[in-house]
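Going letter by letter, the first sequence gives residues 1 to 242 in full-length UniProt numbering. As structure tokens, the structure follows; a few thoughts come after it.
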Amino acid sequence: MVRSPRFDKNGLKKGAWSKEEDDKLRAYIQRYGHWNWRQLPKFAGLSRCGKSCRLRWMNYLRPSVIRGNYSKEEEDLILKLHGDFGTKWSAMAEKLPGRTDNEIKNYWHTHLKKRAKSNPQEGQVIEQSTSETSPENLSDSPSEQTSESYPLPAEQTSRAAVSSSYCDYAVFSGLNWVAEDSINSVESFYEPIQNFWTEPFLVDTSFNHAWSDLVEGEIMPSYYHYDGIELFNQSMQEMEAI
DNA sequence: AACGGAATCAACCGCAGCGAC
DNA sequence: GGTCGCTGCGGTTGATTCCGT
1 MVRSPRFDKN
11 GLKKGAWSKE
21 EDDKLRAYIQ
31 RYGHWNWRQL
41 PKFAGLSRCG
51 KSCRLRWMNY
61 LRPSVIRGNY
71 SKEEEDLILK
81 LHGDFGTKWS
91 AMAEKLPGRT
101 DNEIKNYWHT
111 HLKKRAKSNP
121 QEGQVIEQST
131 SETSPENLSD
141 SPSEQTSESY
151 PLPAEQTSRA
161 AVSSSYCDYA
171 VFSGLNWVAE
181 DSINSVESFY
191 EPIQNFWTEP
201 FLVDTSFNHA
211 WSDLVEGEIM
221 PSYYHYDGIE
231 LFNQSMQEME
241 AI
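Rendered as structure tokens:
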């Protein structure tokens, strides 16, 4: 089901991701977030292009991604959203927290396209019966509508509330932490890396400033050499121990 | 049991949009 | 206003699995 691994002319790996690669990417983003997808694989020690890393994270490794069968309600909503949005899969994904655009797209092509074709009226029927979940009535916050439309286990609901970017790695690590929360909670959880959290790239925008000027081939900015690599390796060991 | 076509889904590719300079 | 780099999106591909014969 997955493409066999191979290397392109630039030495970048393509094809299926190994568990080791997944672990590296997950651990890296858990620690540092995805401050720059293009540079990320270099610092994470991956022979992948940034695009591939981003896709793997967004569609597979991201903690808020729900894997598993689609419920009848989800199917109906996808049918209806397809009527509203067409092939705007990312817009549809926003209304289906935990499902990725790629996943919805695949599911549409493999399951729902035929259903929609054989019963073109279905979307309209669904629209009437599920008017409370129509885009116009949906909250701007995906997580809010999720908890109403599709009750999720508490853990999933809280995860869905923190959907992307720099928050994901914190959620993944089980911190139940969101951006607005105090840094203190993180510091107390991860005592050994408190310097990391107080360094410049703690703040979203500072990621770029702190990292974008790196010299090619330099693994970490000099002032992060110890904390960065050592703690990254430590993180990997911690994960393996779990 | 063996084969072939259909179904599935992770991953790739190319392009558009956006912000920075 | 033009160019460049980066990100995200939608369409497509291809390896694997499933299922009927």
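Quick reminder that beta carbons are idealized off the backbone N, C-alpha and C, glycines included.
If I measure Cβ to Cβ from tryptophan 89 and keep anything under 6 Å in the same chain, skipping five residues before and after, which residues do I get?
The count along the first sequence starts at 1 and reaches residue 89 at position 89. These residues qualify, in order along the chain: Asp101, Ile104, Lys105.
Answer yes or no: do glycine 11 and serine 64 have a C-beta to C-beta separation smaller than 8 Å?
In the first sequence, residue 11 corresponds to position 11, counting from 1. In the first sequence, residue 64 corresponds to position 64, counting from 1. No, the Cβ-Cβ distance between glycine 11 and serine 64 is not below 8 Å.
Do leucine 96 and leucine 77 have their beta-carbon atoms positioned less than 8 Å apart in this structure?
Position 77 of the first sequence, counted from the start, is the residue given in the question as residue 77. Position 96 of the first sequence, counted from the start, is the residue given in the question as residue 96. Yes. Within cutoff.
Just how far apart, CA to CA, sit arginine 31 and lysine 19?
Position 31 of the first sequence, counted from the first residue, corresponds to residue 31. Position 19 of the first sequence, counted from the first residue, corresponds to residue 19. Approximately 18 Å, taken between the alpha carbons.
Please confirm whether arginine 62 and glycine 50 have their CB atoms less than 8 Å apart.
As a first step, residue 62 must be located in the first sequence, where it is residue number 62. As a first step, residue 50 must be located in the first sequence, where it is residue number 50. Going by C-beta atoms, arginine 62 is not nearer than 8 Å to glycine 50.
I'd like to confirm the pairing. Which residues does DSSP put opposite arginine 6 in its beta bridges?
Within the first sequence, residue 6 is the residue found at index 6, counting from 1. In DSSP, arginine 6 forms a bridge with Lys14.
If we require 4 or more residues per run, which alpha helix (DSSP H) segments fall completely within the stretch 87-117?
89-95, 101-107
With distance defined between alpha-carbon atoms, name the residue in Asp23, Phe43, Ser52 nearest to phenylalanine 7.
Start at 1 with the first residue of the first sequence, and residue 7 comes out as number 7. Per the Cα distances, Ser52.
I'd like the list of long-range same chain contacts for alanine 16, defined as Cβ closer than 8 Å, with 5 residues on each side in sequence excluded.
By one-based count along the first sequence, residue 16 stands at place 16. If we look at alanine 16 and ignore the five residues flanking it on each side, its Cβ neighbours are Val2, Arg3, Ser4, Pro5.
On the CB-based measure, 16 or more other CB atoms within 10 Å of its CB, does glycine 68 come out buried or exposed?
Walking along the first sequence from the start, residue 68 turns up at place 68. Exposed, because fewer than 16 other Cβ atoms sit within 10 Å of the Cβ of glycine 68.
Taking buried to mean at least 16 other C-beta atoms within 10 Å of its own C-beta, is lysine 114 buried or exposed?
The residue given as residue 114 occupies position 114 in the first sequence. The residue in question, lysine 114, is exposed, as its Cβ has fewer than 16 Cβ neighbours within 10 Å.
Excluding the 5 residues flanking tyrosine 70 on each side, which residues of the same chain have their C-beta closer than 7 Å to its C-beta?
Within the first sequence, residue 70 is the residue found at index 70, counting from 1. Taken in chain order, the residues that qualify are Tyr107.
Burial state of glycine 86, where buried means 16 or more other Cβ atoms lie within 10 Å
By 1-based counting over the first sequence, the position of residue 86 is 86. Glycine 86 is exposed by the Cβ-count criterion.
Give me the Cα-Cα distance between residue 246 and asparagine 36, rounded to the nearest whole angstrom.
Any question about residue 246 goes unanswered here, given that the chain covers just 1 to 242.
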